[in-house]
Amino acid sequence: MKISIIGTGYVGLVSGACLAEVGNDVLCLDLNPEKIRILKSGGIPIHEPGLEEMVARNVAAGRLHFTTDVAESAAFGRVQFIAVGTPPDEDGSADLSHVVSAARAIGRHMDARKVIVDKSTVPVGTAARVKSAITEELAARGVEIPFSVVSNPEFLKEGAAVEDFMRPDRIVIGADDADAIQTMRALYAPFQRNHERLIVMDVKSAELTKYAANAMLATRISFMNELAMLAEQMGADIEHVRQGIGSDPRIGYQFLYPGCGYGGSCFPKDVKALIRTAYDHGANLRILSAVEAVNERQKSVLLAKIVKRFGDDLKGRRFALWGLAFKPNTDDMREAPSRVLIKGLRERGAEVVGYDPVAMDEARRIYPDDATLTLAASPMAAVQGADALVVLTEWKAFRSPDFDALKAQLRAGVLFDGRNLYEPAQVREAGLEYHGIGRL
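The opening residue of the sequence shown carries number 224 in my numbering; numbering runs sequentially from there.
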């Protein structure tokens, strides 16, 4: 099948590479010439495990191509995936300008029947706007060309996106056109040979499903962060509580880890967008408003612990940060808790040294001034001469440190564990002072 992918971000590039991997002929469009240059030269503009090798393999096989030519993209694929960004507007709603622009470009250049697929995370009603935009462009050309609009939300986790696409839990298709549904079934058949994973529903339900999924996961995280705060005040251990409730099969263990808040390009944006969508429809989602408020507070919890331990004036103090990305296996620092902590420490006069296994280039882009954040060559290089170590991302490389070596390097011998990676007793046995999230 010939497929056009509009947008080469996380969703677009992963989707394009994985669809090419199973034999489709895929053309990826991006209006950023630098991105296309990188892709054509054999690189990728994002960090995603397994993606670079998959892209290279399919480019070499002649199944994956890249372009900045809008007309070429619109003419190429019978299926047109819209996978552009939907950043939050000032009021929290999703900015659909890129989605509508992509739809208009298809309408201006399409010359045969197309199935247009909304892959971007978009609010309810977007498919209707896409359909309207394409219809207007066809009318302006004075032509009638049949097309269908499908909602096919992505459920890709950064750091595991390739695996998620190749072995999906579910494939949600929102459509009211039998031909479009059949096309999508054929497209996704290679990804569900073991058992049926495709769920067909109406378009609006599919659009809402994506927001509902991310909102539920964000709710679990904020709920556990609320309980962790209560556990600290009551003298309970949140890790024991987590195990106790997670063992209930109705609850499960996933997304029950308290920490220093969620970040990234999805949860914060999607929670805000769903709250705004509800407001526009006369509803007040009070639970999600609380989820968002709890997360904003949680991003400052480590700074509060540091200030309580060292005082508000941190001049002359040095803090080592392990982990800058918002989660492991990605270089994404959007909405990352590390950025909130760095800002708070610098405002109080502290020196900040950071290390991350893959987000160093992204950190240099965000903090070009070395005075704001010094980057270390290794985890242990970061802690040399620091008063305290702050763990912000649960990278595997941080899970089993040499606590005796940390004790020898840290001037004040303090460890702030923002992801509850370590057993407090083990850390304290090494002579370090331990501060976790809801831990005894």
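Just so it is clear, CB atoms sit at the ideal spot from N, CA and C, and this is done for glycine as well.
Put residue i into one of helix, strand or coil per three-state DSSP.
{"i": "D493", "result": "helix"}
{"i": "T290", "result": "strand"}
{"i": "I529", "result": "helix"}
{"i": "C251", "result": "strand"}
{"i": "H418", "result": "coil"}
{"i": "L450", "result": "helix"}
{"i": "H504", "result": "coil"}
{"i": "M407", "result": "helix"}
{"i": "F621", "result": "helix"}
{"i": "R443", "result": "helix"}
{"i": "S371", "result": "strand"}
{"i": "Y544", "result": "In the sequence under discussion, the amino acid at residue 544 is Leu, which differs from the Tyr named in the question. Of the three classes helix, strand and coil, the one that applies to L544 here is strand, per DSSP."}
{"i": "V426", "result": "helix"}
{"i": "T597", "result": "strand"}
{"i": "P602", "result": "helix"}
{"i": "A611", "result": "strand"}
{"i": "P311", "result": "strand"}
{"i": "D627", "result": "helix"}
{"i": "K566", "result": "helix"}
{"i": "Q303", "result": "strand"}
{"i": "V278", "result": "helix"}
{"i": "F378", "result": "coil"}
{"i": "L655", "result": "coil"}
{"i": "I261", "result": "helix"}
{"i": "A516", "result": "helix"}
My assumption, with CB atoms under 8 Å, is that residue i sits in contact with residue j. Please give the rounded CB distance.
{"i": "G641", "j": "P560", "result": "7 Å"}
{"i": "Y411", "j": "A441", "result": "Actually they are not in contact, since the Cβ atoms of Y411 and A441 sit about 27 Å apart, beyond 8 Å."}
{"i": "F542", "j": "A653", "result": "Their Cβ separation, rounded to whole angstroms, is 19 Å, which puts F542 and A653 out of contact at 8 Å."}
{"i": "A384", "j": "V237", "result": "4 Å"}
{"i": "K225", "j": "R301", "result": "6 Å"}
Does residue i pass the burial test, meaning 16 or more other C-beta atoms within 10 Å, or should it be called exposed?
{"i": "L252", "result": "buried"}
{"i": "D314", "result": "exposed"}
{"i": "M457", "result": "exposed"}
{"i": "D665", "result": "Given that the chain is displayed from residue 224 to residue 663, the structure contains no residue 665 and the question cannot be resolved."}
{"i": "E257", "result": "exposed"}
When the Cα of residue i is compared with those of the options, which residue comes out closest?
{"i": "T309", "options": "S320, V237, D593, R473", "result": "S320"}
{"i": "T349", "options": "E367, I368, A317", "result": "A317"}
{"i": "G572", "options": "V494, D536, F639, A653", "result": "D536"}
{"i": "M407", "options": "K337, V347, R364, C489", "result": "K337"}
{"i": "Y480", "options": "D292, D312, L644", "result": "L644"}
{"i": "G230", "options": "E519, Q632, A326", "result": "A326"}
{"i": "M556", "options": "K619, E574, C489, F533", "result": "C489"}
{"i": "H288", "options": "I228, T595, E257, I329", "result": "I228"}
{"i": "D425", "options": "D399, P624, A362", "result": "D399"}
{"i": "D248", "options": "G285, F533, I368", "result": "G285"}
{"i": "R540", "options": "G534, K531, E574", "result": "E574"}
{"i": "G608", "options": "L633, I269, P591", "result": "L633"}
For a quick check, are the C-beta atoms of residue i and residue j less than 9 Å apart?
{"i": "L421", "j": "I396", "result": "yes"}
{"i": "T344", "j": "E381", "result": "no"}
{"i": "R352", "j": "V322", "result": "yes"}
{"i": "L547", "j": "D579", "result": "yes"}
{"i": "A438", "j": "L497", "result": "yes"}
{"i": "T553", "j": "E271", "result": "yes"}
{"i": "H658", "j": "K528", "result": "yes"}
{"i": "R662", "j": "D460", "result": "yes"}
{"i": "L655", "j": "K619", "result": "no"}
{"i": "S374", "j": "A429", "result": "yes"}
{"i": "G232", "j": "F304", "result": "no"}
Does at least one heavy atom of the ligand GDP sit under 8 Å from the Cβ of residue i?
{"i": "R634", "result": "With respect to the ligand GDP, the structure offers nothing, as it holds no ligand at all."}
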